[in-house]
Structures are given as C-alpha cells and as structure tokens.
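In our numbering, the protein residues as written are 547 to 618. Shown next, in structure tokens, is the structure this report addresses.
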Amino acid sequence: MIEKNDMMSVKDVQVIVSTNRGEPLVLQKKLTLSGIAYENAARRLIGKQDYFLDLSNPTKGMFQRFTEMFQG
C-alpha cells in the first residue's frame with residue numbers, strides 16, 4: 547500500500563474529521579482546492595461557464611521546502 551501511495555497521510559486529518567461528522571469535506575466554509583474544484587464542476591453542470599483549476603503544480607508545504615533546502 548505504501549509503494550502504491552494508497553495510504554492516508556498526515557495531511558488527511560480533515561478527511562477523517564469530516565467523515566466522523568458525516569459532513570462532506572468539500573462543502574466546508576474554509577476554501578480548499580478540492581472544494582473550489584467541486585463548486586466549479588457544479589457550476590459547469592448547471593450551464594455556467596467557469597474556469598478550470600491548474601492541478602499540475604501543487605503548492606509546496608513547509609516540510610517540502612525544508613527538505614529541498616537541505617538537499618541542495
């Protein structure tokens with residue numbers, strides 16, 4: 547499972563909390579990338595023209611920046 551990257555990570559805490567509450571994560575008031583994508587898809591389904599999100603370059607977290615800094 548680890549090699550296939552099928553496991554949940556530390557970043558998935560919000561997923562666990564929202565699942566326990568029975569509330570969809572994408573419908574929370576705090577804007578997340580998945581929430582924005584969900585709302586945009588819903589707008590396109592009802593006929594409104596909306597933009598597509600660029601998911602090719604996700605933002606880097608603090609841990610990733612530190613790792614890159616120390617690796618050179």
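Even glycine gets a Cβ: it sits at the ideal position worked out from N, Cα and C.
Where the alpha helix (DSSP H) through I562 begins and ends = 559 to 567 is the span of the alpha helix (DSSP H), which, as asked, contains I562.
As assigned by DSSP and simplified to three states, the class of T613 = Three-state DSSP puts T613 in a helix.
In three-state terms, what does DSSP make of E585?
-> Note: E585 maps to helix in three-state DSSP.
Going by the CB atoms, is the gap between A583 and A599 shorter than 7 Å?
-> The sequence given here places Leu at residue 599; Ala does not occur at that position. L599 places its beta carbon less than 7 Å from that of A583.
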